Every structure is written in C-alpha cells, then in structure tokens.
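Trainee: I have a structure I would like to understand better, so I am pasting it below and will then ask my questions one at a time.
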Amino acid sequence: MAKYLIYSIRALVAIGFIAPVYWVLVLATGYHGAAYSLPPVWIPLWHWGPLMYVITHTHWLRYLLNTVFITAATIFLVIITSALAGYALAEIPFMGNSMIFYLILGVMMLPQQALIVPQYVTIYHLHMLNSYTALILPFAANTSGIFLFRQFFKKLPSSYRDIARVEGVRTLTYIRRVALPLARPAVATVTLLTFIASWNQFQWPLIMLTNQKLQPIELALSHYLQTYESNWRVLGSAALLALLPIIIMFIFTQRYIIQAVAGGDSGAKE
Amino acid sequence: MISEVSKNNHSKIVRITSAKLLSWKKDGTGRLKSTILGYGLMLPSLLIFSVFYYGPAVFLGYIAFFHWTIFSNTSTFVGWKNFEILFNQPIFWKALWNTIYYLIVLVPTTTLLALGLAMLLREAPRIRGGGLSRALIFLPHVTPVVATSIIWVWIFNPSFGLANVILHIFHLPALNWLESTRWALPSVMIYTLWHSIGLYTVLFLAGLATIPRSVLEAARVDGAKGFFALRKVIWPLISPITFFVVVLCSINTIQTFSQIYTLTGGPHGGAGGPAFSTTTDSLLIYQTAFMYLHFSLAAAMSLVLFTITLVIIIIQKILADRFVFYR
Amino acid sequence: MMAMLTLAHMSKRFGSQTILKDISMTVNEGEFVAIVGPSGCGKSTLLRLIAGLDRPTQGEIFIEDKMVNLVEPYERNIGMVFQNYALYPHLTIFENMAFGLMAHGVSKKKISKQVDEIAVLLELQSLLKKRPGALSGGQRQRVALGRAMVRQPRIFLMDEPLSNLDALLRDRMRVELRRIHERIGITTIYVTHDQTEAMTMADRIVVMNNGTMLQMGSPEEIYHTPQTTFVASFFGSPPMNIWRLQVTLSDVVQASSLQNSENRIELPLEMKHLWQGALDQENCLQCGVRPESWRLGGEKKNSHVMTVVAQIERIESLGARKIIYAHWGEMILVAAFPNVPSFARNSEVTLSVPWKDVHWFHGSSGEAIRTEEKIMIRAGGGIS
C-alpha cells in the first residue's frame, strides 16, 4: 500500500516538473489563441504550421545554426585543451605543477557575475565584440574538463606511456592516438557537460553581441519575447527549436549526465 | 691489448666529460624538458584562464578605483569615490536587499525540498520508474533558461495563466505574479526552484547512496522511525553533502541573472521591475554597465558582490566546522 | 666479447629514499642476463634506468661505448616488454606492433614488411587483425615481444614478462623465449622475482636485495658458491639450510645451537681457516647446507662429515623425490632425497654431509668465506 502511495506521489511530482516543458509543445502546435483559453488546453493539436513558418520564413533557423556552431566549436576546443592540460597534470612532473593545479581549481571559485564587467572590457580591447570568437574562446577551457581528463589519464597503466617513450612516440602523438581514444568516457562526459553549458548560454552573448546575425537562439528568443510577447505560437515554436535538441540529447544520455553531475555512482543504480 | 687500452682511455674521456655535464645537468635536463613539455600542454588552458578570468579579476580592482570609461583611454584615480557614489544611491541598497531576500528564502527552501525529493526517490528503490522520476525532475536543469522562461511567463499571466487557475482550484485569490511588486521576486524564485532543484536532488541522492543500508536498518531495529531517523541517523551522515549543496546553491543563487532578465523583462518595462522589485545585484551590475555605461560604478558594485560571495562562503565554512559531521 | 651494456657506480634516490646503491656491471653482446630479487629490491628501477625512463642520481650507463645518461629512451635503441604487456587495447595487433614505426614516419610498405617478418618468426600472422582483448595471455605475451622486436633493437629489456601467465604456460614460454633468444641473439636483460626462471633461462644472473647488487655470475656459480646467505637461501628449492651457531673452544672446537647447547657439532680443525674467518664478535658463525647435500646415516667420529641427529616432523613426497622437514634442536632442517624408503614421522634420523659441501658465512654479515679456496677444495675432491 505504502509502495503505491510513494509510486503515485513520485509520478505526480515528476509530471509536475515535466508539465511546463510539455506546455511549450501544446502552445506551439495548438490552435491560434489556445494560449488564452480558459480552462487551459491540455492536448497538443499537432499543428506544425507555425513551426514550419518559423523554420522557413524567419531567421530562427539561422539562430539555431549559430547555437549549433558555437556549441560544436566549444566542445571541440574544450576537449583539446582539457585533454592536453589533463594529461600534463596527470602524467608530467613539471615544476610548479601543484601551483598550476590550484590556479586551475581557482577559476571555479571566481563569481561570474562579478567578473562580467572587466571581461567585457577585455573582449572590447581584444576587438572581439560581435564575433563568434568572443562566444567560443572564453569557454574553450574549463576546470571540470581538465580534472575529468586528469582523473582518467591517471588510471591508464604507466607502461602505456613508457612503451611510447621507448618507441620514440612524441607526447602529442601519444595523446592523440592512445590516451584520448582510451579516455572515451571522459570525452563523452566533457562533451555532454559542455553541450549543456554552451547551448544554454544567454547572458554572455547578450552582452557581447549587437550583431543580430550572430546571435544564438536563446538570445533571439529573449529579444522576440520582449517585443512580441503575445505571439504565443511563434514564440512556442521557436522555443521548441531551442528545446528539442537538448531534450533529445537528454533522453538518450540522462544516465551519464546525472552521473557526471552527481560525481558519484548514483546514476548507475536503479 | 692495445685496443683494450685505447678503449679504456676513450671511456675515461667520456666519463670525464660526462662528469662535467652531470655536474650542471644531473637530473636537471629531464626535469627541465618535462617542465617545458608540461607548460606547453597547459598553455592553451592557462592562456584562456589568464586572459578571460584572472586578468579581468585583477582588472576589476583597477576599474573600481578609477574614474574610467571604456571609450576614452583617460582614467583618473578616484579612490573610494565610486563606492561613495554607490552607497548614496537608494537603488544600490534596494538591490542588495533584494539579493539577500532572494538568497535567504531560496537557499533553505531549495535545500529542504531537494532533500525531501531525494528521500522520496530513495524510498523503496525497487519500485519501477524511480530512475524515470529522477530524470524528469532533473530535466529542467538542462533546459535553456529563456526557452523555458517563455512558458513560465505564460503560466504567470494574471488573466489566462496556469498559476491563477491552480489558485482558483484551491479557492485562493488570484495574484498578479510578475506584475506585482510583492510577488514578482517570489515568482522568479518559483521558476528558479523548478529549474535548479533537480541538480541538488541528484547531489543529495548521491550523498544518500553513500550511507550504508546497514546503518539505516540498525536504526530501524532500534525503533528509530520517520522523522527521528532522519534527524538522528541520516542527517549527521549527510551533513557534508548538505553543506556542499548549501554552498553551491548560495553561489548559484547570487549569480542568478538570466531568468530575472527574461521573466521580468517583458513588454511591461525593463528587466528588474516592476518598480525595481526584482533588481538584484547581478541585474544592477548589468544595467549600470551595459545600459547606462557607468563601468566604474558597475565595477565597484562587482567588487561588493565579490566580497559578499566570499563572506557567505566563509560564514558557511565556519558554521560547517561546528555542525558538519565528517566521517 | 664486446661489452654491450656497462653500468658504472650507479645510484638512484627518490627524495631521501635510496632505491639503488652503487650498481656496477657489464653485460656482453648476445648475453641473456637475469636480474633477480624479491619485490621492492630495485630491479625494476634498474631496468627503467637502463631504458632511460628514469635517470640515475649518480653513475653512468654505457651502451656499447657511448655514455647514454642523457640520451632519450628511443635513441638508446632498446626494446621493452612489460609485465602487463602494455598493448593498446583499441589498436589491432598489427597497429600495436607498427605504432612506433608509424610515429616515426616509416613508409607503410617498410612497416608491413618488418611487422610481417616478426609475425612469421613468432607465429602471429593469424592474429594481426585482432585486438589484444581477443587474445589469450600467451598470445599477448608474444605480441608484446614482437612489438619490441619490430624496431630491431640492440638490447631487450623485459620486466617480469611471464608473471601474468599461469604456471603451465609460463613453463612453455620460458622455453620459447630462450629459443627465440638463441635464434636472434639479442642482448637481453630480464627482470624476474622467480629464481627458477633465472636459473633456467639466463647465461648470467644478477642477484639484488635492498637496492644493492649481491652477486653476478652464471647459474652454477650462483648455486654452488653463493656469496651471501641471502643468495644462498634465494636459490634452490627447497632453500638452503642456514644455521647460526655458537662456537666454543674447549678441548675440541664445538659449534652449538644458540638455545640448546646439547645440539652441537664438532668443527674440523683442517677447515679452521674457513670457519675461523666466519666468526663474529659473539663467536658465532653461519653454516649452510643444501637440502640435496644430506646423506642418510653417518657417525660422529668421522671427521670428513658433519653429522646431526634430527627429529622428523613432516614428509612431503613429490613423486621423484622426498622432502623431509625435521628439527635439530630449535633449528629446522630440510633435506631432499631422491626416492628413499619411507620415513616415519616423529622418528629420529641421522643425517650427514661432507664438510666440503658445507657453506660458511660470517656470523653477522652473512658473507661467504673465501670462496676461491672452497672451489679449490671442491676441485681437489676433498681434504687430505
């Protein structure tokens, strides 16, 4: 009995959490004016018209592609920088490595909102305002990525590297051909976490961009919301464009994402 | 025999020169080489961190104590002048109060609710669908803020939004939500709670998973049940993870920007409204710098926020040392 | 014969810890040298220093005539085999073997020719397209060896290459490794903790303990003239009986066990020069007897043999031979006999050993006494 009570409470809570996301779908594919109906509409009508319109007749697709490009580029660079730095911290006893370790840890401690002003000034002086670079480069390295790779590389048998040294394989070749392919779980985790962070960027592009052509979909949504709040079907459809990729990704990888976030093995248990 | 001698001589020469080399190289070459290699590999990350994070952090101090604008290269040292100006503006105090209000309501609420949800998901783990509920509760955390804020703007709409429909079902008076000075910030809190609680729930679940089942069973045999078991047995064991959750939640809460900007920014006026009721420090910094272009003032404000963050972490650390039970 | 590898007064310290102390040795071209010692004795570190993976704190390494202290591992032209084989699990056997060559930009044609050659030699042709995960332990071992051979090194370094195999396979691989060595004749340095491996495979053995080199010599030398009690007890199975005895001088010279002076043997005066040198400050010496040296029976009066009466405690029958564990006073006596009629437990047995087969070691340092003379005595077939 208690079992079923818990079961229903759980189901209710879960439905409550998912409901707002579901409503994006209802609004986007509902009839015109569905947003205003009382009592509220519960079932999506699968009118894909507005979504097709958004994709074909507006700039939304371009904004979506901006986001895709920024996200992909960031992931690519993060994996490179993290793998290199993680390898150095894991395998190479260079002078001052413990200081560097804390320097990298320290980046996580800096409160982002307090840095936004001097960061803007820096980007300004680097003549990087209104560029993809400004949206990608500052996030092309991150602490958790470095530590993830470091942890993983430490687990590789040291004889792997010894053999490479005996055979005269250069460190970069070794990382590219051996260490990185073997660290596939770390690559996956870093990819997922960077994907989420990068896809959901909002404040940074808001500050760094004035050129509408470069804006990611989140920023475009925000501008649109502030101008035409009442156009719910278009808004909903555009929001759907921003939501769908990340939700689909989440459906397939939620176990690993949760595991990565929780840091423990809670994700592995059922 | 001759060759033997010459060989000996040869190796002697080699040995002498090598001794010379060793006197200054010794382990040094290996050490030096690996250091160059190490820094070479660290370089991309270190460059990014120093140019975009540590550099600006240092630069922040500079901007805050100078009269400085981004478009002219002149700057004059003004000492604490920027802070003086700042402290004389009512909006600064209003924003500070909003930040603290936001913080002291949201952090305990989030922590307790997350713990509750974690307990709910942990109970009777053999019931099917536990993993699914966890995933659904976590899902909002990975969604982009603006895209989901849109739906919450709709939910909070006073005339046709879902929030008032629910209040109506429970025979409660309708609210103006984002359009009222009293309820706008709580509305943002509700959104934030929805968006972030999955993260903390999952952290608690990971913490709970480290408690050996035998401990709980022993407590149960001793007659500890329900709330008592939570307080006396589970709580001490999860206090480290709780501390972590509280710290992380505080930092994230102070950093809240996107949802405030989006939820309160609609056609009814600039973000932070109505009547500055949702203007927190991070929003004020943004507006001061990027709408009114008072960079020095914004920098001074950032420094205040920096300090507040630090103070909160220190206070929590002190409290933790007294109350957190480390195994 | 040409010296392929020379180590001169080499030491290695990590911080305040000394791993290796003053190691000197020469390995000739084509030689198979085993470095043996218990785990933690520094033998693997020594191998890493030779490979160039670590650098010595003091001393020099010469390969042929060149001082290589500062030479990178790959320029030393060595091949290495690790205990865990260090095969990259995501690469095929071919890629694993070719990896070093590929990284050096050797042409594809040349690589496949070289790999194929080795594959034929080691009978690996059918495995080239597989990944290490699909191979048995013995196959992986051969692949690791093959990878080391592909680059045609001057020296092979092997770090416990057979330890991960089961006993049966280990015996087979031992023979195979030795056969391969005889065929290609590359100088090989082989680290192991297993004395049987060392004895059966090596031309010469280096015995190490606590970071020092105790003895270097052929298996026969190591077995018959161990220079310390450690070497004596490390080789041979079951190990040598080594007793610490108190020597007393009265009308005859007697050596007795420390706790029970009833257990005593009379030391032969003809061998005074040996046992006298073995005495330490407490008038103690150590004498060692190989289990195989014991003979049944004997009498106290015979001055050519050492005779003891021991209490049998346990008998192990290994088919071809029997091992007797007995007590001589508080001391344990182990004796091995090729197929001898049954012994009864708890019965007394009289055992003897010719004095010439007794090893003498210094009472406290454990160093062997005047080995050269002993060999002479041995060669002379006894004492006159």
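Protein chains in written order, with my numbering: chain Y, 2 to 271; chain R, 2 to 328; chain B, 205 to 588.
Cβ coordinates follow ideal geometry from the N, Cα and C atoms, glycine included.
Note that the structure is a prediction, hence the values are computed from the model and not measured.
#1: Let's test the definition: count the other Cβ atoms within 10 Å of the Cβ of residue 43 of chain Y and tell me whether it reaches 16, buried, or not, exposed.
#2: Would you list, in chain order, the members of the region 134 to 146 of chain R that have their beta-carbon closer than 9 Å to a beta-carbon of chain Y?
#3: DSSP three-state label for residue 226 of chain B, please.
#4: Pick helix, strand or coil for residue 393 of chain B, following the three-state DSSP scheme.
#5: Entirely within the region 201 to 260 of chain Y and at least 4 residues each: give me those alpha helix (DSSP H) ranges in chain order.
#6: For the alpha helix (DSSP H) that contains residue 313 of chain B, what are its first and last residues?
#7: Given a cut-off of 7 Å on the beta-carbon distance, is the pair residue 516 of chain B and residue 549 of chain B in contact?
#8: Given that residue 171 of chain R touches chain Y, what residues does it touch there, using C-beta distances under 7 Å?
#9: Who does residue 165 of chain R pair with in a DSSP beta bridge?
#10: Would you kindly check if the distance between the Cβ of residue 238 of chain B and the Cβ of residue 402 of chain B is under 7 Å?
#11: If you run the structure through DSSP and keep just helix, strand and coil, what is residue 185 of chain Y?
#12: Got a sec: is the Cβ-Cβ distance from residue 168 of chain Y to anything in chain R below 7 Å?
#13: The alpha helix (DSSP H) spanning residue 244 of chain R covers which residue range?
#14: Using CA coordinates, which residue listed in Y:91, Y:28, Y:189 is at the minimum distance from residue 253 of chain Y?
#15: Considering only the alpha carbon of each residue, which of B:345, B:573, B:309, B:285 lies closest to residue 432 of chain B?
#16: Three Cβ pairs or more, each shorter than 8 Å: is that satisfied between the region 251 to 269 of chain R and the region 284 to 301 of chain R?
#17: How far does the beta strand (DSSP E) with residue 76 of chain Y in it extend, from its first residue to its last?
#18: CA-CA distance, residue 568 of chain B and residue 206 of chain B?
#19: Over what stretch of residues does the alpha helix (DSSP H) that includes residue 61 of chain R continue unbroken?
#20: Is the CB-CB distance between residue 366 of chain B and residue 377 of chain B below 7 Å?
#21: Could you check the C-alpha separation between residue 552 of chain B and residue 514 of chain B for me, to the nearest Å?
#22: For residue 103 of chain Y, count neighbouring Cβ atoms within 10 angstroms of its own Cβ and tell me buried if that reaches 16, exposed if not.
#23: If you draw a straight line from the C-alpha of residue 23 of chain R to the C-alpha of residue 214 of chain B, how long is it?
#24: With a cut-off of 8 Å, do at least 3 Cβ pairs link the region 191 to 200 of chain Y to the region 254 to 264 of chain Y?
#25: Among residues of its own chain, excluding the 5 on either side of residue 166 of chain B, which ones have a beta-carbon nearer than 7 Å to its beta-carbon?
#26: For residue 158 of chain B, I'd like the list of residues in its chain whose CB is within less than 7 Å of its CB, leaving aside the five on either flank, ordered along the chain.
#27: Out of curiosity, what's the CA-to-CA distance linking residue 364 of chain B and residue 410 of chain B?
#28: Where do the N-terminal and C-terminal ends of the beta strand (DSSP E) with residue 554 of chain B fall, by residue?
#29: With a threshold of 8 Å, are at least 3 pairs of Cβ atoms found where one atom belongs to the region 264 to 284 of chain B and the other to the region 159 to 169 of chain Y?
#30: Could you pull out every residue in the same chain whose Cβ sits closer than 8 Å to the Cβ of residue 458 of chain B, ignoring the five residues on either side in sequence?
#31: If we ignore side chains and look at the alpha-carbon of each, how far apart do residue 374 of chain B and residue 80 of chain Y end up?
#32: Would you report the Cα separation of residue 189 of chain R and residue 213 of chain Y, rounded to the nearest angstrom?
#33: Do the region 217 to 226 of chain Y and the region 136 to 156 of chain R meet, that is, are 3 or more Cβ pairs less than 8 Å apart?
#34: Is residue 401 of chain B helix, strand or coil by DSSP?
#35: Measuring straight from C-alpha to C-alpha, what distance separates residue 271 of chain B and residue 291 of chain B?
#36: Taking the DSSP output, what are the residues bridged to residue 445 of chain B?
Mentor: Once the coordinates are examined:
#1: exposed
#2: 134, 135, 136, 137, 138, 139, 140, 141, 142, 143, 144, 145, 146
#3: strand
#4: strand
#5: 204 to 209, 218 to 228
#6: 312 to 325
#7: yes
#8: Result: empty, since nearest Cβ-Cβ is about 15 Å, beyond 7 Å.
#9: Residue 165 of chain R pairs with nothing; no bridge assigned.
#10: yes
#11: helix
#12: no
#13: 236 to 255
#14: Y:189
#15: B:573
#16: yes
#17: Where residue 76 of chain Y is concerned, there is no enclosing beta strand (DSSP E), although the alpha helix (DSSP H) it sits in stretches over 61 to 92.
#18: 39 Å
#19: 56 to 65
#20: yes
#21: 6 Å
#22: exposed
#23: Note that residue 23 of chain R scores 43 on pLDDT, short of 50, meaning its location in the model is unreliable; the coordinates nonetheless yield the value given after this. Spanning the two alpha carbons is a distance of roughly 13 Å.
#24: yes
#25: Past the boundaries of the shown model lies residue 166 of chain B; chain B is included only from 205 to 588, so the question cannot be answered.
#26: This structure gives no information on residue 158 of chain B, because the portion of chain B shown stretches from 205 to 588.
#27: 14 Å
#28: 552 to 558
#29: yes
#30: 451, 452, 468, 469, 470, 471
#31: 43 Å
#32: 27 Å
#33: yes
#34: helix
#35: 30 Å
#36: B:493
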